[in-house]
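Undergrad: Those letters in the sequence shown? Residues 1 to 330, by UniProt numbering. A virtual CB, placed ideally from N, CA and C, is assigned to each residue, including glycine.
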Amino acid sequence: MLRQFVLALPAMFFLAGCGAESGSLPVSKSLTPEKVASIAVTIKNKYPNLSSDLREKVLTTVVQSIDNMVFVEGGQFDMGDFGWACKYDETDVCTWPCGQEPEELCHISRNGDDDFVHSVNLSSYYLSKYQATLADFDIFFVANGKPLYDAEDRKRKDLESLYLPNLPAPTQSWQEAKDYCTWIGSLSGYEVDLPTEAQWEFAARNRGQHILFPTDTGSLDYGKNFPFENEEENFPVNRFAPNPMGFYGMAGNSTDWVNDWYGENYYKVSPVDNPQGPGSGEKKIRRGSTTLEAPLFAAALVRRWPEELVQKYHSSDTSFRCAIQSSKPL
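1. Since G75 is in the beta strand (DSSP E), which residue starts that stretch and which ends it?
2. Can you tell me which of the three DSSP states Q325 falls into?
3. Please report how far the alpha carbon of L330 lies from the alpha carbon of A177, in whole angstroms.
4. Which residue comes first and which comes last in the beta strand (DSSP E) that contains W261?
5. In the DSSP assignment, find the unbroken beta strand (DSSP E) run with T171 in it and report its ends.
6. Is there contact between the segment 246–263 and the segment 149–166, where contact requires at least three CB pairs shorter than 8 Å?
7. Can the beta-carbon of F240 be found closer than 9 Å to that of N225?
8. With 16 other CB atoms within 10 Å as the buried threshold, where does K328 fall?
9. Which residues mark the beginning and the end of the alpha helix (DSSP H) in which G244 is found?
10. Just curious, the beta strand (DSSP E) that K29 is in, first and last residue?
11. With 16 as the cutoff for other CB atoms within 10 Å, does K268 come out buried or exposed?
12. If you scan the segment 101–145 from start to end, which runs of the beta strand (DSSP E) of 3 or more residues do you find wholly inside it?
13. Does the contact criterion of 3 or more C-beta pairs under 8 Å hold for the segment 144–158 versus the segment 298–312?
14. Go to Q311, then tell me how far its beta strand (DSSP E) extends in each direction, as first and last residue.
15. What's the call for L7, buried or exposed, on a 16-neighbour Cβ count within 10 Å?
16. Could you pull out every residue in the same chain whose Cβ sits closer than 7 Å to the Cβ of P227, ignoring the five residues on either side in sequence?
17. So for W96, helix, strand or coil by DSSP?
18. Please report the distance separating the alpha-carbon of P170 from that of T61.
19. In the DSSP assignment, find the alpha helix (DSSP H) that holds V62 and state where it starts and stops.
20. Kindly indicate which three-state DSSP category F202 falls into: helix, strand or coil?
21. Compute the Euclidean distance between the alpha carbons of S51 and S24, then round it to the nearest angstrom.
22. Looking only at its chain, what residues have a beta carbon closer than 7 Å to the beta carbon of P10, apart from the 5 residues adjacent to it on each side?
23. My output table needs one value for residue 331: the three-state DSSP class, helix, strand or coil.
24. Go through its chain and collect everything with a Cβ distance to F140's Cβ below 7 Å, but skip five positions before and after it.
25. Could you tell me which of L54, S316, P147 and V36 sits nearest to T133, measuring between CA atoms?
26. Using the C-alpha atoms, what's the distance from E233 back to D221?
27. Buried or exposed for L187, going by 16 or more other Cβ atoms inside 10 Å?
28. Decide if the segment 111–130 is in contact with the segment 29–43; the criterion is three or more beta carbon pairs, one per stretch, under 8 Å apart.
29. Suppose you measure from the CA of N206 to the CA of T215; what does that come to, to the nearest Å?
30. Where G83 and G112 are concerned, what is the direct C-alpha to C-alpha distance, given to the nearest angstrom?
31. What separation, rounded to the nearest whole angstrom, lies between the Cα atoms of A203 and F71?
32. Quick check on R286: does DSSP put it in helix, strand or coil?
Listed below in structure tokens is the structure:
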């Protein structure tokens, strides 16, 4: 008993020395107690006027965001519309190239900006297994003194299902998604940002494999790993099983903002190593697909959505997930 007490003393003194608030430290799956205590101090110093209760919620949000990160070992893959059999059963998808020559395959997406298949080599990185949730986004808004969006609509009983805390965070602008991720980074001390377009596709395709759907099986099992065809509303970020790499909701719920500017012909000039997209542009890129587009456009692994930087309102069609832009272990 005495030995256990002595061993516990250094951590106790560390927490007290850093000024962490007693009883406010969540248990992390990936961070040491000392790191969590350090984040707590950063939050207390940045937000001295917030209540201790709200600071605890910010701390929990940051820690959970880091815990949700999945390590993606880097590697090479052929990015772009690699093609698929012109006819296939989405509930029992064939193995690429489905017994055909690659040049005989049909395009997966209807857009031409992803047709140029090109080699990409990525360094390792981390990507969140979940999209940011509405609850996460609310904490971000409140902590930074911003009014909650749709405040009046949230009071309506008939709209309750649109504002559940575990739904994907609806954004109005790309900048909101960017700011949320860098906010998590500033408080945690990690290089948190939006993923690049190449990082998103590499993870959705199980490290660049030739697959059609980002589900647990690679096929669609309606109601079990993919929404029913008549569903119109968004659903919780963890409703279905993840893909083999551990990522949830890569299609059929909300799309994800990525960091890259959109360039229609960028794939033809993209560098091989860690492409970042054009240096400038007028639109940013979303990846994935929404519930309303399923299942016709559910094969969203290669399709690119150019989008205006600011939309008219906070849309459930457009969410995001954060990445840690570092190959170093946490």
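TA: Taking the structure as given:
1. Start and end: G75 to M79.
2. Of the three classes helix, strand and coil, the one that applies to Q325 here is coil, per DSSP.
3. Straight through space, the alpha carbons of A177 and L330 are spaced by roughly 23 Å.
4. Under the DSSP assignment, W261 falls in the beta strand (DSSP E) whose first and last residues are T255 to W261.
5. Run containing T171: T171 to S173, per the beta strand (DSSP E) assignment.
6. With the cut-off at 8 Å, the segment 246–263 and the segment 149–166 do not touch.
7. Yes; because the gap between Cβ atoms is below 9 Å, this pair is in contact.
8. For K328, the number of other beta carbons within 10 angstroms of its own is below 16, and it is reported as exposed.
9. A small correction: the amino acid at residue 244 is Pro; Gly does not occupy that position in the sequence shown. Counting along the chain, P244 falls outside any alpha helix (DSSP H), and DSSP gives it neither H nor E.
10. Taken as a continuous stretch (DSSP letters only), K29 belongs to no beta strand (DSSP E), as it is neither H nor E.
11. K268 is exposed by the Cβ-count criterion.
12. The DSSP assignment places 118–122 and 125–128 as complete runs of the beta strand (DSSP E) inside the segment 101–145, in order along the chain (cut-off: 3 residues).
13. Judged by pairs of C-beta atoms under 8 Å, the segment 144–158 does not touch the segment 298–312, as fewer than three such pairs exist.
14. It spans V310 to S315 - the beta strand (DSSP E) in which Q311 sits, taken as one unbroken run.
15. Any reading at L7 must be qualified, since the residue scores a pLDDT of 33, below 50, and its modelled position is unreliable; the value itself is stated next. Exposed, by the Cβ-count rule.
16. Here the set comprises F235, G252, T291 and A294.
17. The answer is coil: DSSP assigns W96 none of H, G, I, E or B.
18. Approximately 17 Å, taken between the alpha carbons.
19. In the DSSP assignment, V62 falls within the alpha helix (DSSP H) that extends over S52 to D67.
20. Correct three-state label for F202: helix.
21. Roughly 12 Å between the two C-alpha positions.
22. Summary for P10: the model assigns pLDDT 37, below 50, so the residue's position carries little reliability, and this model does not support an answer.
23. Since the displayed the chain opens at 1 and closes at 330, residue 331 lies outside it and no answer follows.
24. Residues of the same chain with a CB within less than 7 Å of the CB of F140, apart from the 5 flanking positions on each side, are Y180 and W183 in chain order.
25. Comparing Cα-Cα distances from T133 to each of L54, S316, P147 and V36, the minimum goes to S316.
26. C-alpha separation (whole angstroms): 18 Å.
27. Within 10 angstroms of the beta-carbon of L187 lie 16 or more other beta-carbons, which makes it buried.
28. Segments in contact, no.
29. One C-alpha to the other measures close to 10 Å.
30. For G83 and G112, the distance between alpha carbons rounds to 12 Å.
31. Distance between the alpha carbons of A203 and F71: 10 Å.
32. DSSP places R286 in strand when its eight states are reduced to three.
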